[in-house]
Each structure stands twice: as structure tokens, then as C-alpha cells.
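Residues 2 to 264 in the working numbering are what the sequence shown spells out, letter by letter.
The structure under discussion appears below in the form of C-alpha cells.
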Amino acid sequence: MSIYFYLPLVTLAVIAGFMTIIWAIAQTIRNYSIVDVFWAFNFAIIALMIYSMATGLEERRLLICSLAGLWSLRLGTYLSLRVFSHIQEEEGRYKQLREEWKDHLFLKFFLFFQMQGVSNVFLAIPYFLIALNPDPQLHTLEYIGAGMWLLSIIGEAISDFQLAAFRRKPENKGKVCDVGLWYYSRHPNYFFQFMIWVSVFVFAVSSPYGWISIVCPITIAYLIFKVTGIPMTEEQSLKSRGDAYRRYQQTTSIFVPWFKKSV
2 MSIYFYLPLV
12 TLAVIAGFMT
22 IIWAIAQTIR
32 NYSIVDVFWA
42 FNFAIIALMI
52 YSMATGLEER
62 RLLICSLAGL
72 WSLRLGTYLS
82 LRVFSHIQEE
92 EGRYKQLREE
102 WKDHLFLKFF
112 LFFQMQGVSN
122 VFLAIPYFLI
132 ALNPDPQLHT
142 LEYIGAGMWL
152 LSIIGEAISD
162 FQLAAFRRKP
172 ENKGKVCDVG
182 LWYYSRHPNY
192 FFQFMIWVSV
202 FVFAVSSPYG
212 WISIVCPITI
222 AYLIFKVTGI
232 PMTEEQSLKS
242 RGDAYRRYQQ
252 TTSIFVPWFK
262 KSV
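What follows is the structure in C-alpha cells.
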């Protein structure tokens with residue numbers, strides 16, 4: 002079997018087993034929110050497997066897996082602090098899913114956790130392609146992609162830090178976070194998350210079959226704009242902050258950081 006198929010299949014099997022364990026833990030503690038934490042950490046596991054099993058240039062494998070691991074550990078740690086700080090209270094969207102899936106709840110969440118694992122491996126397509134690239138020299142696009150990636154990770158980290166710092170202050174309870182990057186975008190964290198996957202595509206495009214990686218930023222954009230990202234976040238914000246958030250919507254870019262609009 003070709004390494005192009007063998008490596009993703011082995012990785013998928015490992016992640017599926019891991020997510021089964023996480024699903025069992027989530028049932029025990031009655032909090033399915035932890036899936037977000039381990040979805041993020043799964044990329045570090047995948048990076049380790051790719052580095053140890055792929056056959057491409059070692060310097061390239063080390064670079065791509067280090068970047069992937071750095072992002073995974075940063076995001077996973079941030080989500081851990083958020084989720085485990087109120088582990089007794091499940092996050093809103095999972096409460097909603099619990100209500101919608103009350104018939105066959107365990108099975109539906111089991112399949113949900115498994116699909117999260119599948120999404121991990123699917124989004125790791127560029128990692129596999131990059132790490133299997135035998136070219137003995139790093140391409141200019143790979144340096145550009147790595148630079149874009151680092152800037153995007155920094156931007157995502159700053160966004161998360163600013164939001165967490167705002168929420169920690171008791172006087173900000175019920176208020177809209179419009180400081181720092183959040184002054185210029187309603188969702189700077191999602192913007193930089195999207196840019197991370199654009200960076201991955203730029204990095205991968207010089208590898209054999211690297212063009213396939215375009216599916217990753219397209220998928221992330223779809224999820225952000227149509228599924229669990231912006232729509233759900235904005236709905237929750239309107240419920241909790243009402244007119245203040247409506248005013249924020251009127252003046253502030255929804256995604257790309259930009260100057261305020263006058264109303």
C-alpha cells in the first residue's frame with residue numbers, strides 16, 4: 002500500500018481510538034464540551050505521527066510538524082483553560098445539541114466525536130503531503146507559508162488573550178468586547194484561524210499533489226461562516242448582550258480587521 006494512503010489510515014485509526022476514550026470521559030463527567038479541547042490537541046498527536054512515519058526531507062518534516070504542534074498546543078491549552086474552568090457547566094452549544102439529540106444521545110455524540118477525529122485527519126491532508134515531499138531543498142513558498150503561519154498564530158493568540166482578559170474583569174460582565182483586535186473585527190480569532198489554514202496551503206502547494214490542500218481553507222471558511230463559527234457565536238452574543246451587540250454589528254467588520262464604520 003502506498004505511503005500516501007497508509008499513513009493517513011494509521012493516523013485515523015489512532016485518532017478514532019483516542020476520541021472513543023474522550024467520548025467515554027465526556028459521558029462520565031457529563032460535559033461534551035471537552036471535545037473542543039481534544040480536537041485541538043489531536044493535531045499535536047498527528048504531527049508526532051507524521052514526523053516519525055513520513056519519508057520526506059527531515060528538515061521539512063521537522064518544520065511543518067513543529068508549526069503544527071505549536072499551534073495545536075497553544076489552541077488546546079487556551080481551550081482547556083476555558084472549558085475546565087467551569088467543567089461542571091457544559092457550554093451552550095452542547096447543551097443545545099444535548100436537547101436536540103435526546104433520542105439516542107450516547108450514539109449521536111459518539112458519532113459526533115468520531116467525526117471530529119475524521120475532521121482532524123482530513124484537515125491534516127497538507128501535513129501529510131508536505132512531510133512526504135522528497136525534494137532536498139526547501140521552496141520559497143514554504144518559507145513564505147511558514148512566515149504567514151507564525152504571524153497568524155500570533156494574531157490568533159493575541160485575539161484569544163484580549164478576549165479572556167476582557168471577560169476576567171467583573172465590570173465587563175454583559176458588555177461587548179471591543180478592545181484591541183476586537184475593536185477592528187467582531188471575530189479576529191476566526192480570521193487568524195482561517196489565515197493559518199491559508200498559510201498551510203501556501204506551504205503545501207510546492208509539494209507533489211499539494212494543490213489538493215486548497216480543500217482545507219475552503220472547509221474552514223465554510224465552517225466559520227455557515228456552521229459552528231460566526232452564526233452560532235453571533236446568535237449567542239445577541240441573546241446575551243442585545244442592543245449593545247447590535248450596535249457593535251453596525252460599526253465593526255464581521256471578519257477581516259478593518260476601520261470602524263460611522264452610523
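All residues carry an ideal CB built from backbone N, CA and C; glycine is no exception.
Only exposed fits His105, as fewer than 16 other CB atoms lie within 10 angstroms of its CB.
Sequence-distant partners of Ser254 (beyond 5 residues in either direction) whose C-beta falls short of 6 Å from its own C-beta, in its chain, are Ser186. Distance between Pro209 and Met54, taken at the CA atoms: about 18 Å. With contact defined as three or more Cβ pairs closer than 8 Å, the segment 222–237 and the segment 144–162 are not in contact. With a cutoff of 9 Å on beta-carbon distance, Gly118 and Asn43 are scored as near each other.
By the neighbour-count criterion, in which a residue is buried when 16 or more other Cβ atoms sit within 10 angstroms of its Cβ, Gly146 is buried. Its chain contains Gly156, Ile159, Ser160, Gln163, Pro189, Pro258 as the residues whose beta carbon lies nearer than 8 Å to that of Leu182, once the 5 sequence neighbours on both sides are disregarded; these appear in chain order.
Its chain contains Ile154 as the residues whose beta carbon lies nearer than 8 Å to that of Leu71, once the 5 sequence neighbours on both sides are disregarded; these appear in chain order. Sorting Ile126, Ala132, Ala165 by C-alpha distance to the C-alpha of Ser86 places Ala165 at the top.
Cα atoms of Gly57 and Gln194: separation of roughly 27 Å, rounded to the nearest angstrom. Taking all protein chains shown into account, Val11 has fewer than 16 neighbouring C-beta atoms within 10 Å of its C-beta and is therefore exposed. Secondary structure of Arg187 (DSSP, three-state): coil.
In the structure shown, Cys178 adopts coil according to DSSP, grouped into three states. In its chain, beyond the 5 residues on either side, Val177 have a beta carbon closer than 6 Å to the beta carbon of Arg242.
A Cβ-Cβ contact shorter than 9 Å links Phe114 with Val36. Just so you know, the alpha carbons of Tyr184 and Lys261 end up roughly 8 Å apart.
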